[in-house]
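Enquirer:
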Amino acid sequence: MSSPATYFDELYRHSDDPWKLREGWYESRKRALTLALLPRPHYQNAFEPGCANGELTVELAKRCEMLLAADLHERAVELARERVAGMAHVRVEQRTVPREWPTEAGPFDLIVISEFAYYLDSAELETLASRIAASLTTDGTLLACHWRRPFAEALESADAAHALFDARCGLTRLAHHDEADLLIDVWSRDARSVAQREGLL
1 MSSPATYFDE LYRHSDDPWK LREGWYESRK RALTLALLPR PHYQNAFEPG CANGELTVEL
61 AKRCEMLLAA DLHERAVELA RERVAGMAHV RVEQRTVPRE WPTEAGPFDL IVISEFAYYL
121 DSAELETLAS RIAASLTTDG TLLACHWRRP FAEALESADA AHALFDARCG LTRLAHHDEA
181 DLLIDVWSRD ARSVAQREGL L
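Using our numbering, you'd call the opening residue of the sequence shown number 1 and step up by one each time.
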């Protein structure tokens, strides 16, 4: 397996949208599912590592007062910045997460881990879970969304990564969506359902 930097260099050398995030129905549908599963309509301060070219970032920005997005690859950061140009409440930074965790920007009431965790080995995933748990507000939400099919560059499966978050972050799972291709989980420090939050129960 190539190193992550080499792998992403090769991908972005051939396309600014290597996963067809803009044009593919799979990705468009996945974003809609991801956004629909969030238990609150608005968030104060969110963090999205592994933002790629910013397609999810621009949608999250519509629901956040402040949003920090990050990616390890320089070209991804450039593309994401172009995508959110004019959105003064959004910052996109080049960071290697979890090593370069933005402690100074927290705490966060939303952390979104999308198509990112399976590139980490088990020790890095443990560190990521620890950073998440230390950085969420008392009512904070964690959403994780990952491709379930095996591929050469994945160091962990989606299911294993989500199981670790479930075990290590100390949060209540509010939503779970699984398909053959896709896994989405939502956890929160606020254990109330959406209906309870709305005062319907």
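No residue lacks a Cβ here, since even glycine has one placed at the ideal position from N, Cα and C. No experiment lies behind these values; they were computed from the predicted model shown.
Out of 165, 89 and 107, point me to the one whose CA is closest to residue 123's CA.
Expert: 165
Enquirer: Using DSSP with H/G/I as helix, E/B as strand and the rest coil, what is residue 182?
Expert: strand
Enquirer: Within its chain, find whatever has a CB closer than 7 Å to the CB of residue 1; leave out the 5 residues flanking it on each side and keep chain order.
Expert: Because residue 1 carries a pLDDT of 42, less than 50, the predicted location of this residue cannot be relied on, and the following value inherits that uncertainty. Excluding positions up to five away in sequence, the list reads 152 and 153.
Enquirer: CB-CB under 6 Å to residue 42, same chain, minus the five flanking residues each way: which ones, in chain order?
Expert: 63
Enquirer: Relative to the alpha-carbon of residue 159, which residue among 24, 117, 72 and 100 has its alpha-carbon at the smallest distance?
Expert: 117
Enquirer: Would residue 172 and residue 191 be called neighbours here (beta carbons separated by less than 8 Å)?
Expert: For residue 172 and residue 191, yes; Cβs fall inside 8 Å.
Enquirer: Quick check on residue 131: buried or exposed, where buried means 16 or more other Cβ atoms within 10 Å of its Cβ?
Expert: buried
Enquirer: Pick out whichever of 142, 193 and 91 has its Cα sitting closest to the Cα of residue 114.
Expert: 142
Enquirer: Is DSSP giving residue 110 helix, strand or coil here?
Expert: Residue 110 falls in the strand class under three-state DSSP.
Enquirer: Counting along the chain, where does the alpha helix (DSSP H) carrying residue 147 start and finish?
Expert: Here residue 147 belongs to no alpha helix (DSSP H); instead the beta strand (DSSP E) covers 136 to 147.
Enquirer: Output the boundary residues of the beta strand (DSSP E) element that contains residue 166.
Expert: No beta strand (DSSP E) holds residue 166; the alpha helix (DSSP H) holding it covers 158 to 168.
Enquirer: Please identify the residue among 182, 199 and 200 whose C-alpha is closest to the C-alpha of residue 33.
Expert: 182
Enquirer: Can you name the start and end residues of the alpha helix (DSSP H) that residue 26 belongs to?
Expert: Secondary structure note for residue 26: its alpha helix (DSSP H) is the uninterrupted segment 25 to 37.
Enquirer: So which of 39, 147 and 155 has the shortest CA-CA distance to residue 178?
Expert: 147
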